[in-house]
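Below is one structure, written out as structure tokens; the observations come after it.
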Amino acid sequence: DVKVTQSSRYLVKRTGEKVFLECVQDMDHENMFWYRQDPGLGLRLIYFSYDVKMKEKGDIPEGYSVSREKKERFSLILESASTNQTSMYLCASRPGSSYNEQFFGPGTRLTVL
Amino acid sequence: GENVEQHPSTLSVQEGDSAVIKCTYSDSASNYFPWYKQELGKRPQLIIDIRSNVGEKKDQRIAVTLNKTAKHFSLHITETQPEDSAVYFCAASSGGSNYKLTFGKGTLLTVNP
């Protein structure tokens, strides 16, 4: 059973703080993704990684960075959190093939005050 | 890049009725089209998918159809039940980056008892 876990379900931070969101998958998937989910806007891709130390910008990378030092772990970093980054953040992983299922983590509800 | 449009944004049906959700995509090279269901407070989970070389796929009460010429695909749910109430997302895997899914904005389906 594939497991994608995220470090926190709920997180409250202050404006200007550096925030780390961690994601771990246990199925040796090559690809990992970070999305944010906001009402009416669906799932928007922030960054993704197709291999260790490799990353590509998604549709909304501004204000975020990522790190993938190990295959199983993909971190999302908010260098200086702002109130407009209050959102639900979903991590996902997927095997490196066209037709494979993508698995999501449970999500982190981040509130920036 | 790929763009996926999803309609309607909300859909309300009576228990036992059918529900149809439609998506269009822009990249003719896209070859994989999954549908995800997200229940309230839970992570999105794959419910059905279709490859570009198939026109229709069925799994019990749910089916997906694909029209490659028109670049649209649809989710059909028959004999709806209250537990079908959820947000449904369509997605397309663009041919140039097959590991990346582009999602529609979602459809909130409510099944009234």
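Heads up: the protein sequence lines correspond to chains A and B, in order.
Quick note on my numbering: the first sequence kicks off at 15 and runs consecutively.
Quick note on my numbering: the second sequence kicks off at 129 and runs consecutively.
Cβ coordinates follow ideal geometry from the N, Cα and C atoms, glycine included.
Cα-Cα separation, residue i to residue j
{"i": "N195 (chain B)", "j": "N131 (chain B)", "result": "16 Å"}
{"i": "K137 (chain B)", "j": "N114 (chain A)", "result": "Reading off the sequence shown, one finds Ser at residue 137 (chain B), where the question assumed Lys. In a straight line, the C-alpha of S137 (chain B) is about 26 Å away from that of N114 (chain A)."}
{"i": "E207 (chain B)", "j": "Y103 (chain A)", "result": "33 Å"}
{"i": "F231 (chain B)", "j": "F117 (chain A)", "result": "14 Å"}
{"i": "C218 (chain B)", "j": "I176 (chain B)", "result": "10 Å"}
{"i": "S158 (chain B)", "j": "Q134 (chain B)", "result": "16 Å"}
{"i": "S221 (chain B)", "j": "F62 (chain A)", "result": "14 Å"}
{"i": "V239 (chain B)", "j": "D187 (chain B)", "result": "19 Å"}
{"i": "P53 (chain A)", "j": "K233 (chain B)", "result": "9 Å"}
{"i": "A147 (chain B)", "j": "P241 (chain B)", "result": "14 Å"}
{"i": "R58 (chain A)", "j": "D42 (chain A)", "result": "24 Å"}
{"i": "A95 (chain A)", "j": "R82 (chain A)", "result": "20 Å"}
{"i": "I205 (chain B)", "j": "D155 (chain B)", "result": "26 Å"}
{"i": "L237 (chain B)", "j": "R108 (chain A)", "result": "26 Å"}
{"i": "G183 (chain B)", "j": "Y164 (chain B)", "result": "19 Å"}
{"i": "R50 (chain A)", "j": "D212 (chain B)", "result": "24 Å"}
{"i": "Q99 (chain A)", "j": "V33 (chain A)", "result": "11 Å"}
{"i": "F140 (chain B)", "j": "Q209 (chain B)", "result": "It is Ser, not Phe, that sits at residue 140 (chain B) in the sequence shown. S140 (chain B) and Q209 (chain B): Cα-Cα distance of roughly 12 Å."}
{"i": "T235 (chain B)", "j": "Y216 (chain B)", "result": "5 Å"}
Which of helix, strand or coil DSSP assigns to residue i
{"i": "T19 (chain A)", "result": "strand"}
{"i": "E211 (chain B)", "result": "helix"}
{"i": "Q134 (chain B)", "result": "strand"}
{"i": "Q99 (chain A)", "result": "helix"}
{"i": "G56 (chain A)", "result": "strand"}
{"i": "L127 (chain A)", "result": "coil"}
{"i": "P162 (chain B)", "result": "strand"}
{"i": "T230 (chain B)", "result": "strand"}
{"i": "E182 (chain B)", "result": "One detail in the question is off: residue 182 (chain B) reads as Val in this sequence, not Glu. Here V182 (chain B) sits in coil by DSSP."}
{"i": "D42 (chain A)", "result": "coil"}
{"i": "E143 (chain B)", "result": "coil"}
{"i": "L236 (chain B)", "result": "strand"}
Proximity test, residue i beta-carbon vs the ligand ADP heavy atom, cut-off 8 Å
{"i": "R50 (chain A)", "result": "Annotation note on the ligand ADP: not contained in the displayed structure, which lists no ligands."}
Within chain A, the residues that residue i reaches when beta carbons sit closer than 8 Å
{"i": "P172 (chain B)", "result": "L57, L104 and F118"}
Closer than 9 Å at the beta carbon, the chain A residues around residue i
{"i": "F231 (chain B)", "result": "Y49, G56, L57, R58 and L59"}
{"i": "Y153 (chain B)", "result": "Per Cβ cutoff of 9 Å: no residues; Y153 (chain B) is ~14 Å from chain A at best."}
{"i": "F217 (chain B)", "result": "G56 and L57"}
N- and C-terminal bounds of the beta strand (DSSP E) containing residue i
{"i": "R179 (chain B)", "result": "Q173 to R179"}
{"i": "M46 (chain A)", "result": "N45 to D52"}
{"i": "A191 (chain B)", "result": "I190 to N195"}
{"i": "S89 (chain A)", "result": "R87 to L92"}
{"i": "R82 (chain A)", "result": "Y78 to K84"}
{"i": "V66 (chain A)", "result": "Here V66 (chain A) belongs to no beta strand (DSSP E), and DSSP marks it neither H nor E."}
{"i": "N114 (chain A)", "result": "Taken as a continuous stretch (DSSP letters only), N114 (chain A) belongs to no beta strand (DSSP E), as it is neither H nor E."}
{"i": "I149 (chain B)", "result": "A147 to Y153"}
{"i": "I205 (chain B)", "result": "H200 to I205"}
{"i": "L168 (chain B)", "result": "Where L168 (chain B) is concerned, there is no enclosing beta strand (DSSP E), given that its DSSP letter is neither H nor E."}
Neighbouring residues, chain B, relative to residue i (Cβ below 8 Å)
{"i": "E115 (chain A)", "result": "P162, L174 and D177"}
7 Å Cβ cut-off: residues of chain B touching residue i
{"i": "N108 (chain A)", "result": "In the sequence on display, residue 108 (chain A) carries Arg and not Asn. Correct list: Y227."}
Within chain A, the residues that residue i reaches when beta carbons sit closer than 7 Å
{"i": "G234 (chain B)", "result": "G56"}
Checklist entry - For the stretch 59 to 84 of chain A, which residues have a beta carbon sitting closer than 9 Å to at least one beta carbon of chain B? => result L59, F62, Y64, E70, G72 and D73
Checklist entry - Closer than 7 Å, Cβ to any Cβ of chain B: which residues of the stretch 21 to 45 of chain A, in chain order? => result N45
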